[in-house]
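J.:
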Amino acid sequence: MHQKSHSSASIISSTSPASGDLPASLEEFGLSKYEARAYLTMIGKGSLAASDLAYYANLPRTKVYQTVKKLEKKRLAVVSRQKPLICSAIPPEEAFGEIVNLHERRVRNMRKIVERLQRLSDEGQRPRGSEEKRYFILDPDSALSKISGLVAGARSSITAALDPWGLRLLAQCRGQLIKAATNGARIRFIVGAQCLGSESLSLLPDGIELRMAASDATVSSNLMIVDMTHMVSVDSSNGKAALFASLDAYGALQAKNFEEAWTRAGEAKHALEAQPALAAKAIELARAVENGLAAHMLEYAMNNEDPAGELLEVMERRYGLRVGTMSAPEMLDLVDSALKISCLGGLKHDKSNNIVSLQSKAEGKHVLPWAVVLASYFKRSGNEPRIMQSKQSPQLVHVRLARPI
1 MHQKSHSSAS IISSTSPASG DLPASLEEFG LSKYEARAYL TMIGKGSLAA
51 SDLAYYANLP RTKVYQTVKK LEKKRLAVVS RQKPLICSAI PPEEAFGEIV
101 NLHERRVRNM RKIVERLQRL SDEGQRPRGS EEKRYFILDP DSALSKISGL
151 VAGARSSITA ALDPWGLRLL AQCRGQLIKA ATNGARIRFI VGAQCLGSES
201 LSLLPDGIEL RMAASDATVS SNLMIVDMTH MVSVDSSNGK AALFASLDAY
251 GALQAKNFEE AWTRAGEAKH ALEAQPALAA KAIELARAVE NGLAAHMLEY
301 AMNNEDPAGE LLEVMERRYG LRVGTMSAPE MLDLVDSALK ISCLGGLKHD
351 KSNNIVSLQS KAEGKHVLPW AVVLASYFKR SGNEPRIMQS KQSPQLVHVR
401 LARPI
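Taking the UniProt record's numbering, I'd label the letters of the sequence shown as residues 1 to 405.
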């Protein structure tokens with residue numbers, strides 16, 4: 001008896017460390033503590049008589065029969081029909097495989113449910129009546145290839161606002177631009193002042209309507225719209241492009257912005273034909289007049305002061321424009337160029353009557369500030385000016401000089 005007890009203790013000791021916390025783990029499969037002990041013992045010892053199973057699994061003898069019958073019902077064990085009862089465990093993969101597969105299917109279904117719930121949540125966060133739109137990001141090489149194809153296939157219109165990068169990009173599509181123009185597409189480009197002197201301008205084919213961005217506007221990106229169906233935005237910092245395959249509300253807004261910018265833009269022909277240095281200075285003067293000098297003149301007018309006396313000093317101090325040392329013909333050429341670029345206008349000098357006439361052809365672009373600039377210049381040189389507003393047109397102003405120039 002003493003020997004059997006020792007044997008039983010040694011078996012329980014050898015089973016317990018090997019199994020670790022497996023009895024508790026088996027409870028996850030719906031097994032009771034007794035069922036878990038019995039199954040683990042049969043796995044380790046093989047087929048056992050009921051009495052031996054009770055001994056090795058440390059089960060009460062009164063519970064062993066009930067325990068193995070439950071294992072058999074759960075398809076985890078097989079019990080012989082003859083006495084003494086012999087109990088055998090079903091191999092784990094066979095016994096628990098179906099349960100594991102069932103749980104895996106449940107987990108997959110639960111994940112699908114969570115994904116559907118997330119989509120519903122996203123839909124709930126989206127504003128009512130909204131529609132998701134997509135665009136494509138193109139690398140520099142793909143951008144050039146795609147733009148070339150769009151330009152070549154244009155049938156009605158191509159519009160673009162371009163900085164030097166975008167201008168170089170479209171200059172590489174010269175053949176495609178010619179094909180689009182041949183197909184009847186109207187091609188209009190607005191280029192920034194920083195494009196002056198660029199060789200890319202000379203590479204553009206004839207038939208393109210070209211304008212210089214308004215002196216109070218800066219072209220800092222590239223936006224192209226083809227046939228009002230495709231829009232391409234190119235990042236000058238890395239050459240990548242965003243392609244929009246349709247013009248929704250955002251595209252329609254960009255098209256409207258282009259039309260407004262086109263109306264305000266100046267004729268580029270004169271800027272391109274003029275010497276780059278003169279054109280650049282004319283653009284600087286136009287920006288100064290429209291962005292600050294006009295307000296400065298208004299301030300003087302409200303105080304009943306004559307701005308002509310110190311206007312040149314203000315131009316030099318605030319804007320770095322040194323025009324006081326220029327000759328009279330040079331000054332007239334500069335103002336003439338600035339008027340042509342900024343408001344499609346110009347300057348005429350009537351030498352016989354000592355009158356300089358300034359005119360604007362752009363709606364909302366007044367020439368009175370320009371007349372004040374000229375008056376300030378001539379007053380400094382000792383040629384007393386007199387500004388006269390034309391009765392025929394508010395866009396025409398005359399400056400009568402005291403003596404010839």
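Each residue gets a CB set at the ideal place from its N, CA and C atoms; glycine is no exception.
1. From F96 to A242, what distance separates their C-alpha atoms?
2. Scan the stretch 22-89 and note each continuous beta strand (DSSP E) run of 3 residues or more that stays entirely inside, going in chain order.
3. Assuming L167 and L144 make a contact with CB atoms under 8 Å, what is their CB distance in whole Å?
4. How many whole angstroms separate the CB atoms of L339 and W370, which I take to be in contact at a CB cut-off of 8 Å?
5. If distances are taken between C-alpha atoms only, which option among A375, L201, I178, V234 comes closest to P140?
6. With H, G and I counted as helix, E and B as strand and the rest as coil, what does DSSP make of L204?
7. If you pair each beta-carbon of the stretch 249-259 with each one of the stretch 174-181, do three or more pairs fall below 8 Å?
8. Would you say V78 and A50 are within 8 Å of each other, going by their C-beta atoms?
9. Do you know how far the Cα of L85 is from the Cα of E28?
10. Rounded to the nearest angstrom, how far is the Cβ of V226 from that of A280, given a contact under 8 Å?
11. Measure the C-alpha to C-alpha separation of N354 and L374 and round it to an integer number of angstroms.
12. I'd like to check one pair, I190 with A265: are the Cβ atoms closer than 8 Å?
13. Excluding the 5 residues preceding and the 5 following A57 in the sequence, name in chain order all residues of the same chain whose CB lies nearer than 7 Å to its CB.
14. Where does Q389 sit, in a helix, a strand or coil, going by DSSP?
15. Could you check if M212 is buried or exposed, using at least 16 other CB atoms within 10 Å of its CB as the buried criterion?
16. Starting from Q359, follow the beta strand (DSSP E) in both directions and report where the run begins and ends.
17. Does the stretch 322-337 come close enough to the stretch 377-392 that 3 or more CB-CB pairs lie under 8 Å?
18. For D248, count the other beta carbons within 10 Å of its own beta carbon; 16 or more makes it buried, fewer makes it exposed. Which is it?
19. Spatial neighbours of A288 within its chain, please: C-beta separation below 7 Å, excluding the five flanking residues on both sides.
20. Any idea if V64 is buried or exposed, counting beta-carbon neighbours within 10 angstroms, 16 or more meaning buried?
21. How about R386 and R403: are their beta carbons less than 8 Å apart?
22. For a minimum of 3 consecutive residues, which ranges assigned as the beta strand (DSSP E) are wholly contained in the stretch 163-205?
23. Measuring alpha carbon to alpha carbon, tell me which of E98, E115, V232 ends up nearest R134.
24. Between which two residues does the alpha helix (DSSP H) harbouring R318 extend?
25. Name, in chain order, the residues that DSSP records as bridge partners for E363.
26. Indicate whether S157 and Q176 have their beta-carbon atoms separated by less than 8 Å.
27. To the nearest angstrom, how far is the alpha carbon of R317 from that of S390?
28. With burial defined as no fewer than 16 other Cβ atoms inside 10 Å of the residue's Cβ, what is the status of V151: buried or exposed?
29. Excluding the 5 residues preceding and the 5 following M388 in the sequence, name in chain order all residues of the same chain whose CB lies nearer than 8 Å to its CB.
30. Sorted by chain position, which residues of the same chain lie with C-beta nearer than 6 Å to V367's C-beta, five sequence neighbours on each side aside?
31. Hey, A161 and L210 are a contact pair by Cβ (cut 8 Å); roughly how many whole angstroms apart?
32. Looking at the structure shown, is K256 part of a helix, part of a strand, or coil, going by DSSP?
33. Along the beta strand (DSSP E) that carries R400, what are the first and last residues, could you check?
34. Along the alpha helix (DSSP H) that carries V151, what are the first and last residues, could you check?
35. I'd like the list of long-range same chain contacts for C195, defined as Cβ closer than 6 Å, with 5 residues on each side in sequence excluded.
T.: Here's the rundown:
1. Here residue 96 refers to the residue found at position 96 of the sequence shown. Here residue 242 refers to the residue found at position 242 of the sequence shown. In a straight line, the C-alpha of F96 is about 54 Å away from that of A242.
2. 77-79, 86-89
3. In the sequence shown, the residue the question calls residue 167 occupies position 167. In the sequence shown, the residue the question calls residue 144 occupies position 144. Not a contact, Cβ separation roughly 13 Å.
4. Translated into the one-based positions of the sequence shown, residue 339 becomes position 339. Translated into the one-based positions of the sequence shown, residue 370 becomes position 370. About 6 Å separates the two Cβ atoms, so the contact holds.
5. Locating residue 140 in the sequence shown gives position 140, where the first residue counts as 1. The candidate whose alpha carbon is nearest that of P140 is V234.
6. On the sequence shown, position 204 is the one that residue 204 refers to. Note: L204 maps to coil in three-state DSSP.
7. no
8. Your numbering for residue 78 matches position 78 in the sequence shown. Your numbering for residue 50 matches position 50 in the sequence shown. Result no, Cβ atoms of V78 and A50 do not sit closer than 8 Å.
9. For this step, residue 28 is matched to residue 28 along the sequence shown. For this step, residue 85 is matched to residue 85 along the sequence shown. Rounded to whole angstroms, E28 to L85 spans 28 Å at the Cα level.
10. Here residue 226 corresponds to residue number 226 of the sequence shown, with the count starting at 1. Here residue 280 corresponds to residue number 280 of the sequence shown, with the count starting at 1. Not quite, the Cβ-Cβ distance comes to about 31 Å (not below 8 Å), so this is no contact.
11. Working through the sequence shown from its first residue, we reach residue 354 at position 354. Working through the sequence shown from its first residue, we reach residue 374 at position 374. Using only the alpha carbons, I get a separation of about 13 Å.
12. Along the sequence shown, read from residue 1 onward, the residue named residue 265 stands at position 265. Along the sequence shown, read from residue 1 onward, the residue named residue 190 stands at position 190. Yes; because the gap between Cβ atoms is below 8 Å, this pair is in contact.
13. For the purposes of this step, residue 57 is identified with residue 57 of the sequence shown, where counting begins at 1. Around A57: R37, A38, T41.
14. Translated into positions along the sequence shown, residue 389 becomes position 389. Q389 falls in the strand class under three-state DSSP.
15. Counting from 1 along the sequence shown, the entry for residue 212 is found at position 212. Classification of M212: buried, given that the 10 Å Cβ count is 16 or more.
16. Residue mapping note: residue 359 aligns to position 359 of the sequence shown, counting from 1. Segment 355-359, the beta strand (DSSP E) holding Q359.
17. yes
18. Translated into the one-based positions of the sequence shown, residue 248 becomes position 248. Looking at its Cβ environment, which holds fewer than 16 other Cβ atoms inside 10 Å, D248 is exposed.
19. Numbered from 1 along the sequence shown, position 288 holds the residue referred to as residue 288. M315, Y319, L321.
20. Working through the sequence shown from its first residue, we reach residue 64 at position 64. That one is buried.
21. Against the sequence shown, residue 386 aligns to sequence position 386. Against the sequence shown, residue 403 aligns to sequence position 403. No, these two residues do not count as a Cβ contact at 8 Å.
22. 186-191
23. In the sequence shown, the residue the question calls residue 134 occupies position 134. Among E98, E115, V232, the Cα nearest to that of R134 belongs to V232.
24. As a working mapping, residue 318 is identified with position 318 in the sequence shown. 311-319 is the extent of the alpha helix (DSSP H) around R318.
25. What you label residue 363 is simply residue 363 of the sequence shown in a count that begins at 1. For E363, which the question treats as bridged, DSSP gives no partner whatsoever.
26. As a position in the sequence shown, residue 157 is number 157, starting the count at 1. As a position in the sequence shown, residue 176 is number 176, starting the count at 1. In this structure, Q176 does not lie closer than 8 Å to S157 by Cβ.
27. Against the sequence shown, residue 317 aligns to sequence position 317. Against the sequence shown, residue 390 aligns to sequence position 390. C-alpha separation (whole angstroms): 32 Å.
28. On the sequence shown, residue 151 is found 151 positions in, with the first residue counted as 1. That one is buried.
29. Here residue 388 refers to the residue found at position 388 of the sequence shown. Excluding sequence neighbours, M388 sits near V397, H398, V399, R400.
30. Translated into the one-based positions of the sequence shown, residue 367 becomes position 367. Contacts found: L358, S360, V397.
31. For the purposes of this step, residue 161 is taken as the residue at position 161 of the sequence shown. For the purposes of this step, residue 210 is taken as the residue at position 210 of the sequence shown. About 12 Å; that fails the 8 Å criterion.
32. On the sequence shown, residue 256 is found 256 positions in, with the first residue counted as 1. In this structure, K256 counts as helix in the three-state DSSP scheme.
33. Residue numbering aside, residue 400 sits at position 400 when the sequence shown is read from its first letter. Per DSSP, R400 belongs to the beta strand (DSSP E) from 396-401.
34. The residue labelled residue 151 in the question sits at position 151 within the sequence shown. It spans 140-152 - the alpha helix (DSSP H) in which V151 sits, taken as one unbroken run.
35. Taking the first residue of the sequence shown as position 1, residue 195 is located at position 195. Once the five neighbours on either side are set aside, the close Cβ partners of C195 are P164, L167.
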